[in-house]
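Per the numbering used here, the very first residue in the sequence shown carries number 6; after that it's consecutive.
Every residue gets a Cβ at the ideal spot worked out from N, C-alpha and C, and that includes glycine.
This one's a predicted model, so the numbers in the text were calculated from it and none came from an experiment.
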Amino acid sequence: MQSAEQRAQWGSRWGFILAAAGSAVGLGNIWRFPYVTGENGGAAFVVVYLACVLLIGLPLLWNELAIGRAGGRDAVNSFFAIRPRTRFAITGVFCLLCCFLVLSYYGVIAGWTVGYAFTSITRRHTEFAQFAADPRWVIPLFGLFMLMTILIVHGGVQKGIERWSKLLMPALLLMAVLVILRSLTLPGAMAGVAYYLKPDFSKITGGVLMTALGQTLFSLSVGWGLMITYASYVKKDQNLISSGFWVVVTDTVVAILGGFMVFPAVFAFGMQPDAGTALTFKTLPAVFEQMPAGNLVGGVFFLLLMVAALTSSISMLEVPVAWLLDDRRLSRHVASWGVGLLAFVIGIPSALSAGGSRWFTEVKLWGKTGFLDIMDLLVGTLLIVLIALLCSVFTGYVWKPANAVDELARGCPGFKKPLVGPISLAHVWTVFVKYVCPLVIGVILLNLIADIAGKKLF
Ligand code: PHE
6 MQSAEQRAQW GSRWGFILAA AGSAVGLGNI WRFPYVTGEN GGAAFVVVYL
56 ACVLLIGLPL LWNELAIGRA GGRDAVNSFF AIRPRTRFAI TGVFCLLCCF
106 LVLSYYGVIA GWTVGYAFTS ITRRHTEFAQ FAADPRWVIP LFGLFMLMTI
156 LIVHGGVQKG IERWSKLLMP ALLLMAVLVI LRSLTLPGAM AGVAYYLKPD
206 FSKITGGVLM TALGQTLFSL SVGWGLMITY ASYVKKDQNL ISSGFWVVVT
256 DTVVAILGGF MVFPAVFAFG MQPDAGTALT FKTLPAVFEQ MPAGNLVGGV
306 FFLLLMVAAL TSSISMLEVP VAWLLDDRRL SRHVASWGVG LLAFVIGIPS
356 ALSAGGSRWF TEVKLWGKTG FLDIMDLLVG TLLIVLIALL CSVFTGYVWK
406 PANAVDELAR GCPGFKKPLV GPISLAHVWT VFVKYVCPLV IGVILLNLIA
456 DIAGKKLF
């Protein structure tokens with residue numbers, strides 16, 4: 006057994022918050038959130054999303070933080086540390102798989118952002134279809150991005166992840182503000198703002214609700230074992246309730262800002278907001294080309310996207326690396342290079358799935374076409390919903406909420422203090438983790454499976 010002293014810890018509370026927020030803020034906020042909003046009706050989707058974040062995302066985030074700090078080990082062994090020999094440790098195994106496999110295709114998309122930052126600044130016109138189909142571009146860029154990820158994780162918890170998060174997160178916010186100022190001051194930008202802010206509730210359907218919940222788990226990095234791993238490096242006297250709250254606030258603010266970067270500009274140039282995944286890589290570059298000083302704005306935008314992706318990919322790599330360190334006793338050097346290089350190799354089919362290889366581009370499964378999209382469905386959607394469900398059932402019925410409440414109340418005595426009448430925040434959270442979250446997530450999971458089987462429940 007490794008003693009607690011030997012195990013890495015965050016250097017400061019803000020270091021942890023920034024690293025966890027860095028994980029949460031990623032392509033999910035700036036690439037996925039605006040296009041999902043655009044496809045699902047604009048402002049009404051934003052309202053549903055906010056409700057999901059507050060009612061499902063935050064309680065589950067606290068839950069993972071409690072498991073991680075109480076367990077004090079990697080995503081698998083934290084379950085064993087809490088309940089020896091529990092079958093729920095399989096959840097941790099899913100977490101390792103999930104982070105590793107998502108990293109393999111997340112890095113591909115991140116590689117595109119590196120390429121676009123370069124082509125925007127140098128004013129090289131790029132057709133997305135041509136660019137993404139050319140392995141001579143896509144694979145080296147993917148490799149470069151993975152190399153940055155490996156080097157940071159290789160540096161360790163404090164000297165790698167924490168140090169870079171403290172540097173990259175403020176840079177990201179600054180860049181976001183610059184892009185928004187440009188986007189909002191374009192003539193005609195207000196049509197985009199109205200689209201983004203005036204809800205039309207008739208647009209809310211069961212499908213919209215499901216999408217919002219899926220987006221919540223993806224964006225908050227909940228359901229990946231990530232928060233378990235990061236919380237295992239947190240000191241016992243730290244306030245997990247407020248730290249978790251700040252992570253949620255930062256992630257949500259950046260997602261909302263993502264929309265303010267994209268929609269005003271898209272509307273100002275008369276483009277369509279519902280271009281799907283192509284919104285960022287096709288619609289926006291066309292917008293930047295027409296904008297005064299658009300090459301700089303575009304360059305900053307894609308750089309921002311890369312930074313957001315980097316603080317997320319390091320966290321995905323850290324989850325399996327932490328397991329190899331804790332459980333397998335490998336050195337950080339071997340673990341980070343080994344897992345990182347393997348993720349690169351496993352990611353090559355995804356890199357070839359936008360035209361590089363015919364088979365990987367055209368392969369179909371359950372209504373999705375292309376290897377990357379299939380992985381995103383199986384791992385980035387289905388598996389995380391399953392993990393989120395297992396984590397809440399574990400706390401609700403195996404570990405028992407009272408024990409989790411004790412863990413959360415260390416460093417935050419107010420958690421147990423009565424707020425309204427005799428009811429404390431801990432009471433409310435218990436109801437959520439035991440009943441509301443498993444029920445809602447169970448329904449999403451059934452719906453996803455029915456959807457895959459070709460039957461719509463909602
Ligand atoms: N939350 C990240 C995003 O929004 C994705 C992610 C999930 C990153 C889990 C790390 C771990 O892009």
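In terms of residue numbering, what span does the beta strand (DSSP E) encompassing Leu424 cover?
423-425
Mapping the DSSP letters down to three states, classify Leu222 as helix, strand or coil.
helix
Suppose you measure from the CA of Ala176 to the CA of Met266; what does that come to, to the nearest Å?
16 Å
Could you give the C-beta distance for Leu222 and Ile389, rounded to a whole number, given that I count them as a contact under 8 Å?
5 Å
Rounded to whole angstroms, how far is the Cβ of Gln135 from the Cβ of Gly16, which I believe are closer than 8 Å?
Not quite, the Cβ-Cβ distance comes to about 45 Å (not below 8 Å), so this is no contact.
Report the option in Asp381, Thr400, Leu413, Ile428 whose CA atom is closest to the CA atom of Ser109.
Asp381
Cβ pair Phe409, Ala71 closer than 7 Å
The amino acid occupying residue 409 in the given sequence is Ala; Phe does not appear at that position. Taking a C-beta distance under 7 Å as the contact criterion, Ala409 and Ala71 qualify as a contact pair.
Specify, as a first and last residue, the run of the alpha helix (DSSP H) that Gly43 falls within.
Annotation: the continuous alpha helix (DSSP H) that includes Gly43 extends over 38-44.
I need the DSSP call for Leu370, collapsed to helix, strand or coil.
strand
Alpha carbons only, please: which of Met215, Ile319, Leu55, Ala270 is nearest the one belonging to Val107?
Ile319
Identity of the residues DSSP links to Ile155 by a beta bridge:
Ile155 is not bridged to any residue.
Are Phe203 and Ala48 touching if we call contact CB-CB under 7 Å?
With the sequence shown as reference, residue 203 is identified as Lys, and Phe is not the correct amino acid for it. Yes. Within cutoff.
Which complete alpha helix (DSSP H) runs does the region 376-424 hold, if anything under 4 residues is left out?
As far as the region 376-424 is concerned, its whole alpha helix (DSSP H) runs of at least 4 residues are 376-382, 389-398, 406-414.
Per DSSP, what kind of secondary structure is Ile209 in: helix, strand or coil?
coil
Any heavy atom of the ligand COA within a distance shorter than 6 Å of the CB on Leu66?
As presented, the structure is devoid of the ligand COA, carrying the ligand PHE as its sole ligands.
With a CB to CB cut of under 7 Å and the five nearest residues on each side skipped, what residues in its chain are close to Gly165?
Excluding residues up to 5 positions away in sequence, Ile157, Val158, His159 lie with their Cβ nearer than 7 Å to the Cβ of Gly165 in the same chain.
Please report the distance separating the alpha-carbon of Val239 from that of Tyr40.
35 Å
Which whole-angstrom value describes the C-beta separation of Val119 and Met311, a residue pair presumed to lie in contact below a C-beta threshold of 8 Å?
5 Å
Cut-off 7 Å between Cβ atoms - residues of its own chain near Ala137, not counting five sequence neighbours on either side
Trp117, Val143, Ala359, Gly360
Beta-carbon proximity check, Val324 vs Thr234, cutoff 7 Å
yes
Can you tell me whether Leu26 sits near the ligand PHE, meaning its C-beta is under 6 Å from at least one heavy atom of the ligand?
For the sequence presented, residue 26 should be read as Ala rather than Leu. No.
Pair within 7 Å by beta-carbon distance, Tyr201 and Phe268:
It is a contact, given that the beta carbons lie within the stated cut-off.
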